[in-house]
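J.: Residue numbers (our numbering), protein chains in the order written: chain A, 197 to 579; chain B, 22 to 546.
Here you go, one structure.
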Amino acid sequence: MKDILNPDNRYKDDKVTDACSLFGMMDVSGRLFSGADTVRAIANMHDRGNGLGGGFAVYGLYPDFADYYALHIMYMGRSAKDKTEVFLKDEFDVVRSEEIPIRTRPGVTNPPGLWRYFVTPRKDPCLVVSDDDLVVDKVMQANTTIPDTFIFSSGKNMGVFKGIGFPEDVADFYRLEDYEGYLWTSHGRFPTNTPGWWGGAHPFNILDWTVVHNGEISSYGINRRYLEMHGYHCTMQTDTEVAAYAVDLLVRRHGLPVSTMATVLASPLWEEVDRMPDEKREMVTALRQAYGGLLLNGPFTLIIAHNGEMIGLTDRIRLRPLSAAVKGDVLFISSEESAITLVCPDIERSWKPRGGEPVVGRLGEPVALPKEWDVQNREAVGR
Amino acid sequence: MTVIKNNPKASHAQSTALPSYHCHMPSYLKPRFRVERSDRRCIRCQGCVEQCSFGAQYYDESADRVEAVDTNCVGCHRCVVFCPTSAIEIRHNPVEYRDNAYWRPEVIEDITRQAETGGVLITGMGNDKPWTSYWDKLCLNASQVTNPSIDPLREPMELRTYLGSKPDQVQIDPATGRLGTRLAPQIMIETPVLFSAMSYGAVSINVHESLARAASMLGTLFNTGEGGLHPKLYRYGGNTIAQVASGRFGVHPEYLDVARVLEIKIGQGAKPGIGGHLPGEKISAEVATTRMIPTGTDALSPAPQHDIYSIEDLSQLIYALKEATNYTKPVSVKIAAVHNSGAIASGIARAGADIIALDGIRGSTGAAPKIIRDNLGIPIEMAIASVDQRLRSEGIRNRVSLVAAGGFRNSGDVTKAIALGVDAVYIGTAALIAMGCTECQACYTGRCAWGITTTDDKLTKRQNPEIAAQRIANLVEAWSHEIKEMLGAMGINAIESLRGNRLHLRGVGLTREEADILGVSLAGE
Ligand code: SF4
Ligand code: SF4
Chain A
197 MKDILNPDNR YKDDKVTDAC SLFGMMDVSG RLFSGADTVR AIANMHDRGN GLGGGFAVYG
257 LYPDFADYYA LHIMYMGRSA KDKTEVFLKD EFDVVRSEEI PIRTRPGVTN PPGLWRYFVT
317 PRKDPCLVVS DDDLVVDKVM QANTTIPDTF IFSSGKNMGV FKGIGFPEDV ADFYRLEDYE
377 GYLWTSHGRF PTNTPGWWGG AHPFNILDWT VVHNGEISSY GINRRYLEMH GYHCTMQTDT
437 EVAAYAVDLL VRRHGLPVST MATVLASPLW EEVDRMPDEK REMVTALRQA YGGLLLNGPF
497 TLIIAHNGEM IGLTDRIRLR PLSAAVKGDV LFISSEESAI TLVCPDIERS WKPRGGEPVV
557 GRLGEPVALP KEWDVQNREA VGR
Chain B
22 MTVIKNNPKA SHAQSTALPS YHCHMPSYLK PRFRVERSDR RCIRCQGCVE QCSFGAQYYD
82 ESADRVEAVD TNCVGCHRCV VFCPTSAIEI RHNPVEYRDN AYWRPEVIED ITRQAETGGV
142 LITGMGNDKP WTSYWDKLCL NASQVTNPSI DPLREPMELR TYLGSKPDQV QIDPATGRLG
202 TRLAPQIMIE TPVLFSAMSY GAVSINVHES LARAASMLGT LFNTGEGGLH PKLYRYGGNT
262 IAQVASGRFG VHPEYLDVAR VLEIKIGQGA KPGIGGHLPG EKISAEVATT RMIPTGTDAL
322 SPAPQHDIYS IEDLSQLIYA LKEATNYTKP VSVKIAAVHN SGAIASGIAR AGADIIALDG
382 IRGSTGAAPK IIRDNLGIPI EMAIASVDQR LRSEGIRNRV SLVAAGGFRN SGDVTKAIAL
442 GVDAVYIGTA ALIAMGCTEC QACYTGRCAW GITTTDDKLT KRQNPEIAAQ RIANLVEAWS
502 HEIKEMLGAM GINAIESLRG NRLHLRGVGL TREEADILGV SLAGE
C-alpha cells in the first residue's frame with residue numbers, strides 16, 4: 197500500500213499542523229459569479245499563509261455534467277495515470293476525461309499532472325450500496341493503493357483546485373478566472389511541520405463536502421480513534437481530514453441537522469447546558485454523551501461546504517478568528533473582516549459569530565442572522 | 022504477616038499480628054521493626070500503649086518505663102504520630118544477612134515463616150514489589166505556540182463525566198427537531214475519580230460513612246464492596262455503587278433500590294481468581310445484620326460466582342439486576358486485569374454491561390494470600406490499553422464506560438489513565454492514606470491501629486467520619502484541580518477530549534513492543 201502520508205508528513209509527526217487564512221462567499225439565490233473577489237480577498241490575507249499551500253472549492257461549477265461525479269486527480273509519476281485510468285475504467289463509466297487547464301507561472305512549483313474525469317460508479321449487482329458510499333470507497337482505494345495518484349476532488353457539480361503556492365498564485369495557475377460558481381471557499385496555508393505537498397493543501401474533500409480549516413485541534417488523537425471506530429481511515433493525518441469525516445458521519449450518515457453537527461463539534465460548556473430549558477438540555481446532553489469523542493477541542497475555524505450549503509464555525513471558546521457579513525443575497529465568511537470589506541465595501545450586516553455558533557448559508561433561503569439582528573429587525577417591522 | 026493453614030476453619034481464625042504456631046518450635050524470625058524511645062523525652066503518659074492495637078507497647082510499672090515488644094510492631098506509626106513529645110522512632114530492625122540480590126531478606130523470611138507454620142502467607146494492601154510502573158514511564162504533552170494552553174483559573178475546564186452505555190448514534194426527529202433516541206441510564210460524576218470497593222466488615226462502619234460522605238461532597242460515587250450497605254448509609258444511596266459479589270452478602274431489594282449503580286464483582290486485582298474470607302471475629306452483630314449472616318460466622322466469598330460459569334450466565338445476572346431495578350441503573354462488571362482482558366471485556370460489553378471495571382495487579386485488599394497478590398494479574402496500564410483498543414477495534418467502545426482501579430497514586434496517574442482510554446478511575450489505597458493509613462499491610466489482622474480495617478468498636482471510633490470525609494474530599498479536590506491544570510496545559514477544556522487521546526502520551530524507557538501495546542510513541546518521536 198502506498199504511504200500517502202510520506203509527502204506531507206515526512207518526519208512522521210503525530211499529524212500535520214498548520215495555521216491559515218480562510219475565506220468563503222456564497223450567493224444564496226444561486227447566481228453564478230467569478231472567483232475574482234474570492235481571490236482578491238484571500239490574497240489580502242497573504243501574511244496568514246507562507247506560500248506552502250493554497251486552494252479553492254467552487255460549487256455550481258459543472259452545470260453541464262451536474263449528474264456526474266467530477267474526479268480531480270493529481271499524478272505524481274508517469275505510470276500513475278495509466279494505472280489509474282485502468283482502475284477508473286473498471287470501477288466507473290467515464291463520460292469525459294480531460295487535462296485541467298493550467299498556466300505555468302513562478303511561485304507555483306513542481307505541479308503534478310492534473311486531470312479531471314466525469315464519471316458514474318459501476319454498481320456491483322451483488323451489493324446494496326449507495327453511489328455515494330461506492331465513490332467514497334473507490335476514492336479511498338485509489339488514494340491508498342495506486343502509487344503516485346491522489347484524487348483530490350470527487351463531488352458532483354463542484355470542484356477543488358489546490359496546490360503549493362500562495363492562494364492567489366494557485367488561482368492564477370488554475371486559470372480560475374475562467375470558472376463561475378455560486379459558492380466559493382478558499383484557503384491560504386501556513387504549515388508548521390511540513391514542507392507541503394500538493395495533496396496536503398486545503399480544501400480537503402470527500403464527495404461534495406469540502407473543508408477549509410485554520411487551527412490545531414488538541415483532541416485530534418481521540419477524534420481520529422472515534423472515527424476509526426466508524427470505518428474512516430485518517431490517512432492524511434490532518435485536523436482538516438478529521439473535521440471532514442466528522443461532518444460526513446454526523447450529517448450524511450447519521451442524518452443530523454447542521455446546527456446539531458455544530459453542537460457536537462463545538463459543544464456548549466456544561467455551565468451553559470445546565471441553564472438551558474429542559475428539552476434542549478436533554479438533547480445537548482445526549483449529544484455530548486454519545487459524541488464526546490467528536491468534540492473538536494482546541495482552536496479552530498472551519499468553513500464547511502457542500503452542494504447548496506456553506507457553514508462557518510469556530511471552536512467552543514473561540515480561539516481562532518471568524519467574521520461574517522451579508523450584502524443582499526451574498527454571505528461572506530472570513531478569517532479577517534478586512535478581506536470582506538475589501539471586496540464589498542458596502543456590507544449591510546457584519547458580525548463576529550460566537551464560539552460554537554454556526555454561520556449557515558443555504559441555497560434558496562435567506563441568510564440566518566444571529567439572534568440580535570433578528571430581534572432588532574422584528575422590532576423595526578413592528579414599528 | 023500471619024499464616025493460615027490449609028484447613029480454612031482452623032487457620033482463618035488467626036487474626037492477630039502475632040504469629041501463632043501449631044507446635045512448639047522456636048521461631049527463627051527476627052522482628053521486622055525496632056521501637057526506639059527516647060527515655061529523656063518520654064513523659065510516661067502511656068498514650069502509645071493505648072494507641073498500639075498490636076500490643077507492641079507496654080508500661081512497666083515497677084520501673085516506671087514504657088517498653089516495647091518489637092516482634093509485635095507492624096510499623097503503622099500510630100504511636101509516632103500520637104506521642105506528645107515525639108519520643109518514638111520506628112526503625113527497620115537491621116537484618117544484615119550476607120548481600121544477596123536474589124535471596125533477599127524477604128524471601129528468607131517468607132520461607133522461614135512457612136517452614137514454621139506450613140500455611141499460606143496472608144497479607145494486606147497491594148503488591149509492594151518494585152515492578153515496572155508504566156505510569157512512571159509515560160510523559161504528558163503540553164501546548165506550545167501552535168495552539169494555546171488554557172488557564173483553568175480563568176476559563177471553564179470540564180471534568181464532568183457520565184458513566185453508562187452510550188448509543189452509536191443519536192437520532193433527531195426531522196419533523197419536530199426533538200431527540201429521538203432514549204439513552205441508557207447515565208450517571209453524572211463531577212470528577213473522574215470514584216472510591217473503590219471496600220466492604221463493610223473489611224473496613225469499619227465509620228470508613229464506609231466517610232467514603233459515602235466524601236463521595237456526596239464531591240459529586241462522585243463510592244463502592245460498597247461485597248458486604249452490603251448499612252441502613253444508616255442509605256441516605257448516601259445516590260452516591261453509591263452497590264456490589265453484588267459471589268457471596269451475595271447483603272444483597273436484597275432495598276439495597277439495589279437505594280444505589281445509583283450496581284456492580285457485579287467477578288474479580289479483584291489483588292487476588293484474581295480467588296474468593297474472600299472475612300473471619301468470624303470481624304463479624305460483629307452490625308456486620309452480620311448488614312451481610313445477612315449469623316454473628317460470628319466466617320463470611321466466605323466463593324472464588325467464582327457459582328451462577329456464572331460462562332459469559333451467557335453473566336448476561337443473565339446483568340439482566341436479572343436490570344429487571345430487578347426496572348432498567349433505571351447502569352450495571353457494572355468488575356474484573357481483575359488478566360491476560361485476555363481485551364477479549365473478556367468485549368464479551369462483557371456484549372453481555373449487556375454498561376460499565377466495565379478493570380482492577381490491575383497493584384490493586385489492594387484487606388486480606389489475600391501474598392503469593393496471589395504479588396504474582397497474579399497484569400499491570401493496569403497494559404490492561405487499559407488493550408481493552409480500550411479492543412473495544413474500539415470491534416466498534417463497541419461506546420457501549421460501555423471503562424473504569425480502572427489498582428494503585429492510582431496521584432492525579433498524574435489518573436490523567437495518564439484517561440489518556441490511555443478510561444472514563445474514570447477507582448481509588449482505594451489513596452483514600453485510606455488520606456484517612457491516616459500508612460501502608461503497614463496489617464489490614465488482614467483486623468487490628469488496624471488507624472481504625473480503618475477493623476470492626477472493633479474501640480478502634481472504629483478512631484475515625485471520625487466528618488473529619489475523615491473532609492480529608493478524602495480534600496485529596497480528590499486537589500487532584501481535580503491538578504487534572505484541570507494538566508488538561509489546560511494540553512490545550513483541552515473538556516475531559517472527553519483527553520479520553521483515549523494517546524497522542525498526548527509519550528513513553529520513556531519503554532521497549533518498542535511495550536509502546537506498541539500501550540499505543541503510544543516514544544518521547545522525541
Ligand atoms: S506516647 Fe510517647 S510520651 Fe507517651 S508513653 Fe508513649 S513514648 Fe512516652
Ligand atoms: S488500613 Fe490500617 S492496617 Fe491496613 S495498611 Fe493501612 S494502617 Fe495498616
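We put the beta carbon where it would ideally sit given N, CA and C, even for glycine.
Going by C-alpha distance, which of Phe357/A, Gly226/A, Glu281/A is nearest Pro259/A?
T.: Of Phe357/A, Gly226/A, Glu281/A, the residue nearest in Cα terms is Gly226/A.
J.: Assign Glu561/A to one of three DSSP states: helix, strand, or coil.
T.: Here Glu561/A sits in coil by DSSP.
J.: Can you give me the start and stop residues for the beta strand (DSSP E) that Arg112/B sits inside?
T.: Unbroken beta strand (DSSP E) run through Arg112/B: 109 to 113.
J.: Should Gly76/B be listed as close to ligand 2, given that the test is whether its C-beta is under 6 Å from any heavy atom?
T.: No, the Cβ of Gly76/B stays beyond 6 Å of every heavy atom of ligand 2.
J.: When DSSP labels each residue in this structure, what does Ser385/B get in the three-state scheme?
T.: Three-state result, Ser385/B: coil.
J.: Quick one: which residues of the segment 505 to 520 of chain B get their C-beta closer than 8 Å to a C-beta of chain A? List them in chain order.
T.: Listed by position, the residues of the segment 505 to 520 of chain B near chain A (Cβ gap below 8 Å) are Met511, Gly512, Ile513, Asn514, Ala515, Glu517, Ser518, Leu519, Arg520.
J.: At a threshold of 6 Å, does Arg61/B count as lining ligand 1 (C-beta to nearest heavy atom)?
T.: Answer for Arg61/B: no, Cβ out of range of ligand 1.
J.: Can you find a CB in chain B that lies within less than 7 Å of the CB of Leu284/A?
T.: No, no contact with chain B.
J.: In the DSSP assignment, find the unbroken alpha helix (DSSP H) run with Tyr416/A in it and report its ends.
T.: It spans 416 to 425 - the alpha helix (DSSP H) in which Tyr416/A sits, taken as one unbroken run.
J.: Quick one: which chain B residues come within Cβ less than 7 Å of Ile513/A?
T.: The contacting residues are Glu176, Asn514.
J.: Where does Tyr257/B land, buried or exposed, given buried means 16+ other C-beta within 10 angstroms?
T.: Per the 10 Å Cβ criterion, buried.
J.: At a Cβ threshold of 7 Å, is Glu412/A touching chain B?
T.: Interface residue, yes.
J.: Would you say the beta carbon of Cys69/B is closer than 6 Å to some non-hydrogen atom of ligand 1?
T.: Under cutoff, so the answer is yes.
J.: Among Tyr271/A, Thr406/A, Thr456/A, which has the Cα closest to the Cα of Val554/A?
T.: It should be pointed out that residue 554/A corresponds to Pro in this sequence rather than to Val. When each option's Cα is compared against that of Pro554/A, the closest is Thr456/A.
J.: Name the DSSP beta bridge partners of Asp81/B, please?
T.: In the DSSP output, where bridge partners are listed per residue, Asp81/B has Arg86/B.
J.: Taking the CB atoms as reference points, tell me whether Val407/A and Ala442/A lie closer together than 7 Å.
T.: No, they are not a contact pair.
J.: By DSSP's criteria, Pro317/A is part of a beta bridge. Which residues make up the other side?
T.: DSSP lists Phe288/A as partners of Pro317/A.
J.: CB-CB under 6 Å to Gly457/B, same chain, minus the five flanking residues each way: which ones, in chain order?
T.: Cβ within range, chain order: Trp471.
J.: According to DSSP, Arg545/A sits in a beta bridge with which residue or residues?
T.: BP columns for Arg545/A point to Val522/A.
J.: Which whole-angstrom value is the C-beta distance of Arg338/A and Phe283/A, which I expect to be below 8 Å?
T.: Note on identity: in this sequence residue 338/A is Ala, with Arg being the wrong assignment. Indeed, because the Cβ distance is near 6 Å, the residues count as touching under 8 Å.
J.: Nearest-angstrom Cα distance between Gln190/B and Thr345/A?
T.: Roughly 34 Å between the two C-alpha positions.
J.: Helix, strand or coil for Met456/B per DSSP?
T.: Three-state DSSP puts Met456/B in a helix.
J.: So, Gly411/A versus Phe314/A, is the Cβ gap smaller than 7 Å?
T.: Result no, Cβ atoms of Gly411/A and Phe314/A do not sit closer than 7 Å.
J.: Against chain B, which members of the segment 517 to 530 of chain A pass a CB distance test of less than 8 Å?
T.: Cβ contacts with chain B come from no residue of the segment 517 to 530 of chain A.
J.: Quick one: list the residues of chain A neighbouring Pro188/B, beta-carbon separation under 9 Å, in chain order.
T.: Simply Ala482, Gln485, Ala486.
J.: I need the straight-line Cα distance from Gly512/B to Ile210/B, nearest angstrom please.
T.: Looking at the two C-alpha atoms, the distance is approximately 22 Å.
J.: Who are the neighbours of Glu179/B on chain A, taking C-beta pairs under 8 Å?
T.: The contacting residues are Leu465, Trp466.
J.: Near His502/A, what residues of its chain come up, given a Cβ to Cβ distance below 6 Å and the 5 sequence neighbours on each side ignored?
T.: These residues qualify, in order along the chain: Asp404, Trp405.
J.: Per DSSP, which residues does Ser352/A bridge with? Please list them.
T.: The sequence shown places Lys at residue 352/A, rather than the Ser named in the question. Beta-bridge pairing links Lys352/A to Tyr265/A.
J.: Identify each residue in the segment 414 to 440 of chain A for which the Cβ-Cβ distance to at least one residue of chain B is less than 9 Å, and report them in chain order.
T.: Listed in sequence order: Ser414, Ser415, Tyr416, Gly417, Ile418, Asn419, Arg420, Arg421, Tyr422, Glu424, Met425, His426, Gly427.
J.: To the nearest angstrom, how far is the alpha carbon of Ala452/B from that of Gly427/A?
T.: Taking the straight line from one Cα to the other gives about 41 Å.
J.: Expressed to the nearest angstrom, what Euclidean distance is found between the alpha-carbon atoms of Leu496/B and His242/A?
T.: Their Cα atoms are separated by approximately 51 Å.
J.: Give me whichever residues DSSP pairs with Ser353/B in a beta bridge.
T.: Its beta-bridge partners are Glu284/B, Ile376/B.
J.: Take Arg61/B as the anchor and find which of Arg55/B, Gly76/B, Val87/B has the nearest alpha-carbon.
T.: Checked all of Arg55/B, Gly76/B, Val87/B; the closest Cα to Arg61/B is Val87/B.
J.: DSSP state of Leu161/B, grouped into three classes?
T.: In the structure shown, Leu161/B sits in a strand (DSSP, three-state: E or B).
J.: Mind checking which residues open and close the beta strand (DSSP E) that includes Met506/A?
T.: Where Met506/A is concerned, the enclosing beta strand (DSSP E) stretches over 505 to 510.
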